[in-house]
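Protein chains in written order, with numbering that gives the first Met the number 0: chain W, 0 to 393; chain C, 0 to 393.
Beta carbons are placed, not taken as given, at the ideal position from N, Cα and C, and that holds for glycine.
This structure is a prediction, so every number in the text was calculated from the model and none was measured.
Working notes, structure below.
Number of protein chains: 2
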Amino acid sequence: MTIATHIKAKISGSSWIRKMFEEGARLKTEHGAENVFDFSLGNPNLAPPEAFHKALKDTVASSSGNDHAYMPNMGYPHVRKSVAEYLSQEQRVRVSENDVIMTCGAAGALNAILKAILDPGDEVITPSPYFVEYQFYADNHGGILKTVPTKPDFSLDIAALSTAVTQRTKAVLINSPNNPTGQVYSKASIDELGRLLKEKSKKLNRTVYLIADEPYRKIVYDGCAVPSIFESYNESIIANSYSKDISIPGERIGYIAVHPEASYNKELMEGMALTNRILGFVNAPALMQRVVASCQGSSADISAYARKRDLLCNGLGECGYDFVKPPGAFYLFPKTPVPDDVAFVKELQKELILVVPGSGFGGPGHFRIAYCVEDRTITNAMPGFERVMKRFKD
Amino acid sequence: MTIATHIKAKISGSSWIRKMFEEGARLKTEHGAENVFDFSLGNPNLAPPEAFHKALKDTVASSSGNDHAYMPNMGYPHVRKSVAEYLSQEQRVRVSENDVIMTCGAAGALNAILKAILDPGDEVITPSPYFVEYQFYADNHGGILKTVPTKPDFSLDIAALSTAVTQRTKAVLINSPNNPTGQVYSKASIDELGRLLKEKSKKLNRTVYLIADEPYRKIVYDGCAVPSIFESYNESIIANSYSKDISIPGERIGYIAVHPEASYNKELMEGMALTNRILGFVNAPALMQRVVASCQGSSADISAYARKRDLLCNGLGECGYDFVKPPGAFYLFPKTPVPDDVAFVKELQKELILVVPGSGFGGPGHFRIAYCVEDRTITNAMPGFERVMKRFKD
């Protein structure tokens with residue numbers, strides 16, 4: 000008996016992804032980092048916006064001794080107010096600071112939310128392909144993640160979701176713009192999902208929450224708009240972070256917002272203030288709370304991601320890859336020309352191209368390209384992408 | 000069905016403490032904050048040391064865009080190296096960066112540790128009085144916290160601990176200097192505990208870990224030395240934070256260190272890198288990692304806490320309070336003159352003195368004074384302390 004049995008299993012279960020990363024590190028040492036095309040991680044390559052740097056400098060310059068002390072577990076009231084004001088515009092629903100809890104990123108937010116709502120055996124439904132960490136987040140708190148396939152274009156399949164809801168369903172968890180597909184769920188589909196969950200909640204006499212994980216909300220292209228969750232369903236909770244849009248994922252700063260008219264708004268807020276504390280987050284990092292309060296609404300240069308997407312889509316299209324051109328996030332999720340996505344990804348590795356098999360996201364027969372990289376990485380990888388496709392087509 | 004049943008229970012279970020805090024807020028509004036003597040929270044009142052401010056300014060000034068990105072889940076290698084070097088001196092055991100994981104404070108560290116080692120039903124033994132959050136931390140991960148009383152002077156009762164170890168014991172969790180008692184466990188008792196756990200591990204054919212939660216290690220008085228855990232027992236894990244010694248509890252920065260010769264060092268490190276990630280911490284806040292790397296070993300002006308302790312102990316001693324003069328931390332845990340500590344604390348409240356009943360720490364018949372406050376708060380509260388003691392003695 001060394002470490003927990005279930006943790007041991009999780010480590011060996013995820014070991015092929017780790018092996019891939021280790022392989023990547025090995026390749027970089029062997030061939031030089033600049034000769035390896037690493038599309039494996041969603042680590043934004045764009046610099047944070049000037050507004051962030053200014054806010055950071057100003058916040059530090061104006062810091063007094065007490066500014067690093069404990070504050071209420073939910074976060075500084077003035078920070079929550081500033082988030083609520085911005086969010087009210089974004090969601091077009093009036094949100095107050097009493098509906099907002101500052102968190103250690105969206106991952107911290109989702110754990111605090113799920114621990115607050117899940118009883119053992121409760122189900123959380125998520126459309127697949129999906130962000131694979133959701134599996135752990137539900138499991139952490141005694142819940143079970145149930146995946147429901149999206150349509151071929153990765154849009155929501157409301158009929159399939161409807162069938163999946165049972166007496167044990169506590170929440171539907173969506174991620175739009177989506178990791179790994181880059182898809183954005185339409186206003187009509189969110190409305191329909193809201194109606195479905197309202198109806199199911201009534202029928203089951205049990206609130207079925209809609210949780211929206213929205214770290215990529217600001218990363219959209221061609222004028223695509225991410226619909227408001229709060230407009231479509233009252234029993235909804237938003238998890239968000241500043242990691243992706245202002246390029247500060249290492250700083251762990253985000254928030255939870257509960258719909259102001261959620262039936263159990265007060266219980267949820269009390270519950271999540273508690274879970275945020277007892278899970279060991281205690282509160283979101285103090286300095287970064289104050290920094291993000293001063294740069295609400297700013298983001299890195301999203302047009303650069305749009306350019307990278309086009310570069311990648313045009314290149315891969317010419318090579319014969321089949322994919323849905325994504326309206327958001329910085330991921331592309333093309334089909335592999337053979338069913339075995341792991342084998343295909345290994346072929347790409349031989350060309351020093353690192354991507355992640357779709358199986359890792361509940362989307363076998365696909366692979367994920369994180370294109371938050373230098374333009375030249377995309378351009379220079381293209382011959383390799385072409386050679387591998389040719390090999391499989393021949 | 001609104002929120003999780005067990006969370007609902009936890010909220011109402013802790014509601015008397017919350018009521019006390021709310022009562023405190025009410026008293027401050029009614030009487031003015033300066034007229035209320037708030038000893039309820041362990042929120043350091045001393046300013047962070049100059050070394051911290053300098054490190055923060057320098058780190059921000061030298062930050063480039065990439066410095067807020069993801070780094071390995073365990074933390075920046077150079078930060079882990081700097082922690083390991085300092086820790087090697089402190090523990091007098093050679094620790095490398097491979098034994099260190101940066102965390103979101105000690106609370107984050109303890110959750111990552113317990114999730115990595117606990118199987119459902121595993122027991123964690125802690126000497127009481129104890130930091131009440133431990134109950135939640137064990138419960139979060141399916142474990143059971145088992146408390147074992149200390150001796151009357153709050154030192155370790157090794158015989159009692161020995162009796163408490165069973166086939167389900169996975170760890171003994173100690174906190175020295177202790178919250179709430181301020182006691183520091185002696186070198187002899189830690190040695191004895193190490194021998195006991197080695198023997199038990201052998202007998203039970205199951206590693207029983209020693210977890211040392213050490214955020215108050217640097218806050219000691221009169222030349223008191225906190226013994227090295229690593230010197231006394233190989234199967235040990237340290238959780239630490241910079242919250243208390245450099246007065247930055249809001250920033251959530253700390254670390255885990257595993258004994259370099261722990262039998263399952265590699266499995267533990269892999270397991271905790273995973274649990275730190277999947278619990279939603281992902282990594283410790285990037286900026287603060289780099290800041291603390293630059294101010295290893297510095298601390299706030301501990302002599303000020305020594306002065307406050309003496310002021311408090313002298314004053315309360317003269318009023319007839321009975322207590323163990325604490326060699327460390329910034330808490331005093333006097334006996335209440337009646338068994339009902341809650342009733343006594345309510346009497347103190349009438350004098351606008353806010354403290355926490357010992358029952359909240361598994362130490363009924365006592366109350367906790369957090370003396371990390373202004374000197375004048377201690378001086379001005381003394382007449383109130385005296386009046387209440389007189390009332391109970393008469």
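Using alpha carbons as the reference points, say which of C:Ala211, C:Val341, C:Val131, C:Leu353 lies closest to Glu364 of chain C.
For this step, residue 364 of chain C is matched to residue 365 along the second sequence. The question names Glu, but residue 364 of chain C is Gly in the sequence shown. Ranking C:Ala211, C:Val341, C:Val131, C:Leu353 by Cα distance to Gly364 of chain C puts C:Val341 first.
Per DSSP, Pro356 of chain C forms a beta bridge with which residues?
Walking along the second sequence from the start, residue 356 of chain C turns up at place 357. In the DSSP assignment, Pro356 of chain C forms a beta bridge with C:Phe366.
Can you give me, in chain order, the residues of the segment 47-69 of chain W that have a beta carbon less than 7 Å from any beta carbon in chain B?
Here the protein chains are W and C, and chain B is not one of them.
According to DSSP, is Lys145 of chain C helix, strand or coil?
Residue 145 of chain C sits at position 146 when you count from the first residue of the second sequence. DSSP places Lys145 of chain C in strand when its eight states are reduced to three.
Cβ of Glu250 of chain W within 8 Å of Cβ of Pro284 of chain W?
Counted from its first residue, the first sequence places residue 250 of chain W at position 251. Counted from its first residue, the first sequence places residue 284 of chain W at position 285. Taking 8 Å as the Cβ cut-off, Glu250 of chain W and Pro284 of chain W qualify as a contacting pair.
In chain C, which residues lie less than 8 Å from Asp152 of chain W when you measure between Cβ atoms?
Position 153 of the first sequence, counted from the first residue, corresponds to residue 152 of chain W. Within 8 Å Cβ-Cβ: nothing; Asp152 of chain W doesn't reach chain C, min ~30 Å.
So that I know if they touch, is there some Cβ in chain C lying closer than 8 Å to that of Ala158 of chain W?
Walking along the first sequence from the start, residue 158 of chain W turns up at place 159. No, Ala158 of chain W lies away from the interface with chain C (no Cβ there is under 8 Å from its Cβ).
If you drop the 5 nearest sequence neighbours on each side, which residues of the same chain put their C-beta closer than 6 Å to that of Cys371 of chain W?
Residue mapping note: residue 371 of chain W aligns to position 372 of the first sequence, counting from 1. Closer than 6 Å at Cβ, skipping near neighbours: Pro43, Asn44, Phe329.
Output yes if chain W places a C-beta closer than 8 Å to the C-beta of Cys318 of chain C; else output no.
Walking along the second sequence from the start, residue 318 of chain C turns up at place 319. By this cut-off, Cys318 of chain C is not an interface position.
Alpha carbon to alpha carbon, how far is Asp138 of chain C from Ile100 of chain W? Give it in angstroms, no decimals.
Position 101 of the first sequence, counting from 1, holds the residue named residue 100 of chain W. Position 139 of the second sequence, counting from 1, holds the residue named residue 138 of chain C. Approximately 23 Å, taken between the alpha carbons.
Could you have a look at Val410 of chain C and say whether DSSP puts it in helix, strand or coil?
Any property of residue 410 of chain C remains undetermined from this structure, which presents chain C solely from 0 to 393.
For the alpha helix (DSSP H) containing Val78 of chain C, list its first residue and its last residue.
Sequence index remark: in the second sequence, residue 78 of chain C carries index 79 (1-based). Unbroken alpha helix (DSSP H) run through Val78 of chain C: 76-90.
Interface partners of Gly361 of chain C on chain W, CB under 8 Å
In the second sequence, residue 361 of chain C corresponds to position 362, counting from 1. None at all; the shortest Cβ gap to chain W is about 17 Å.
If I'm right that Arg289 of chain W touches Thr58 of chain W with Cβ under 8 Å, what's the distance once you round it to whole angstroms?
Looking up residue 289 of chain W in the first sequence gives position 290. Looking up residue 58 of chain W in the first sequence gives position 59. Confirmed, about 5 Å.
In DSSP terms, what Gly31 of chain W is bridged to:
Here residue 31 of chain W corresponds to residue number 32 of the first sequence, with the count starting at 1. Paired residues: none, contrary to the question.
Let me make sure I understand the geometry here. Which of W:Ala238, W:Phe384, W:Pro148 has the alpha-carbon closest to that of Ala105 of chain W?
Along the first sequence, read from residue 1 onward, the residue named residue 105 of chain W stands at position 106. Out of W:Ala238, W:Phe384, W:Pro148, W:Ala238 has the C-alpha closest to the C-alpha of Ala105 of chain W.
Using the rule of at least 16 other Cβ atoms within 10 Å of the residue's Cβ for burial, across every protein chain shown, is Gly222 of chain C buried or exposed?
As a first step, residue 222 of chain C must be located in the second sequence, where it is residue number 223. Using a 10 angstroms sphere on the CB of Gly222 of chain C, the tally of other CB atoms stays under 16, which defines it as exposed.
Counting beta carbon pairs with one atom in the segment 310-318 of chain W and one in the segment 266-284 of chain C, are three or more of them shorter than 8 Å?
no
Gln182 of chain C, buried or exposed, once every other Cβ within 10 Å from all chains shown has been counted against 16:
As a working mapping, residue 182 of chain C is identified with position 183 in the second sequence. So Gln182 of chain C counts as buried.
Are there three or more Cβ pairs, one per stretch, closer than 8 Å when the segment 166-174 of chain C is compared with the segment 201-215 of chain C?
yes
Identify the contact partners of Thr274 of chain C in chain W, using a Cβ-Cβ distance below 8 Å as the criterion.
Start at 1 with the first residue of the second sequence, and residue 274 of chain C comes out as number 275. The contacting residues are Ile6.
For Leu144 of chain W and chain C, any beta-carbon pair shorter than 8 Å?
Mapped onto the first sequence, residue 144 of chain W falls at position 145. So no, Leu144 of chain W is outside the interface.
Contact defined as beta carbons within less than 8 Å: I believe Leu298 of chain W pairs with His67 of chain C. What is the distance between those atoms, to the nearest angstrom?
Here residue 298 of chain W refers to the residue found at position 299 of the first sequence. Here residue 67 of chain C refers to the residue found at position 68 of the second sequence. Per the sequence presented here, residue 298 of chain W reads as Ser, with Leu not at that position. That pair is no contact at about 14 Å.
The segment 29-42 of chain W in contact with the segment 341-359 of chain W per 3-pair CB rule at 8 Å
yes
Residues of the segment 233-253 of chain W with Cβ closer than 9 Å to any Cβ of chain C, in chain order:
Ser242, Ile245, Ser246, Ile247, Pro248, Gly249, Glu250, Arg251, Ile252
Could you compute how far the alpha carbon of Met73 of chain W sits from the alpha carbon of Thr149 of chain W?
Translated into positions along the first sequence, residue 73 of chain W becomes position 74. Translated into positions along the first sequence, residue 149 of chain W becomes position 150. When rounded, the distance between both Cα atoms is 35 Å.
Out of C:Lys307, C:His258, C:Ala224, C:Glu266, which has the shortest C-alpha to C-alpha gap to Ala380 of chain C?
Taking the first residue of the second sequence as position 1, residue 380 of chain C is located at position 381. Answer by Cα proximity: C:Lys307.
Minimum C-alpha distance to Tyr232 of chain C - residue among C:Gly253, C:Lys201, C:Ile189:
Residue 232 of chain C sits at position 233 when you count from the first residue of the second sequence. Closest by alpha carbon: C:Ile189.
List, in order along the chain, the chain W residues whose C-beta lies closer than 9 Å to that of Cys103 of chain C?
As a first step, residue 103 of chain C must be located in the second sequence, where it is residue number 104. Those are Cys103, Gly107, Arg251, Gly279, Phe280, Val281, Pro284, listed as they occur along chain W.
Limits of the unbroken alpha helix (DSSP H) element including Met388 of chain C:
Along the second sequence, read from residue 1 onward, the residue named residue 388 of chain C stands at position 389. Unbroken alpha helix (DSSP H) run through Met388 of chain C: 374-392.
Per-residue DSSP class, three states only, for Glu122 of chain W
As a first step, residue 122 of chain W must be located in the first sequence, where it is residue number 123. Of the three classes helix, strand and coil, the one that applies to Glu122 of chain W here is strand, per DSSP.
In chain order, what residues of the same chain lie with their CB nearer than 7 Å to the CB of Asp300 of chain C, ignoring the 5 residues before and after it?
Stepping through the second sequence from its first residue, residue 300 of chain C is reached at position 301. So the qualifying residues of the chain are Leu45.
Using Cβ-Cβ distances below 9 Å, what residues of the segment 327-339 of chain C are close to chain W?
None of the residues of the segment 327-339 of chain C has a beta carbon lying less than 9 Å from any beta carbon of chain W.
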